[in-house]
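Numbering (UniProt numbering), first residue to last: 1 to 171.
Note that CB positions come from ideal geometry on N, CA and C, so glycine has one too.
Since this is a predicted model, take the numbers as computed values, not measurements.
Remarks on the structure that follows.
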Amino acid sequence: MARRLSYSARYKHPAEKVYQALSQQNYWEALMEGFRELTPISSVEEFAKSDEGIRVVLQQTITRDMLPPVAQTVMLKDMLITRTETYGLLDAQSRTTGSYSASIPAGPGSLTGEQELFPTETGCTIRKTTEVKVYIPFVNAKLEQLMLVNLVDLFRGEAEFTSTWVQDNIA
């Protein structure tokens, strides 16, 4: 049974400025540099900005010894996470939608989601709706819950980083 999570990151910046950050490769490179404190092997594998929007592929490696014990029971090697994110172009109302997914070779489950950037009275919000599913009986509920807890921490950290990055880098 899959578990779902909805998370909203609220920014004091206009949607156009947050989107401008997301559309720059150096934003993603700086984000991955920050991740290296936790996962030393973190990189931007692909970045593309086109007439259709933004597509970025990120990779992080979490060594097996860094995993919680319940995760170590199913992951016998280091965990290589490949995350793909997309955002469409901003429309006339400064809104866009996109998707994200994370894959782990020989991983025990899946993670997919949809995201929406939209303006608010005080700035903008990125809303992420995630679904995680683990395919291993008996530990699936524990692993799904662990994934969701870690996702909240990840989304919170990325929101703080994005807010600071926009403030420091977007005029």
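With a 10 Å radius around its C-beta and 16 neighbouring C-beta atoms as the bar for buried, classify residue i as buried or exposed.
| i | result |
| --- | --- |
| Tyr-87 | buried |
| Met-1 | exposed |
| Glu-45 | exposed |
| Leu-38 | exposed |
| residue 209 | With the chain represented from 1 up to 171, any question about residue 209 goes unanswered, as that position is not in the structure. |
| Phe-138 | exposed |
Return the CA-CA distance between residue i and residue j, expressed in angstroms with no decimal places.
| i | j | result |
| --- | --- | --- |
| Leu-67 | Tyr-27 | 27 Å |
| Cys-124 | Thr-96 | 11 Å |
| Ser-99 | Leu-58 | 14 Å |
| Leu-151 | Ala-92 | 31 Å |
| Gln-60 | Arg-4 | 23 Å |
Indicate the three-state DSSP secondary structure (helix, strand or coil) for residue i in the structure shown.
| i | result |
| --- | --- |
| Ser-43 | strand |
| Ser-50 | strand |
| Val-139 | coil |
| Glu-116 | strand |
If I follow the unbroken beta strand (DSSP E) through residue i, where does it start and stop?
| i | result |
| --- | --- |
| Tyr-100 | 96 to 103 |
| Lys-12 | No beta strand (DSSP E) holds Lys-12; DSSP gives it neither H nor E. |
| Tyr-87 | 79 to 88 |
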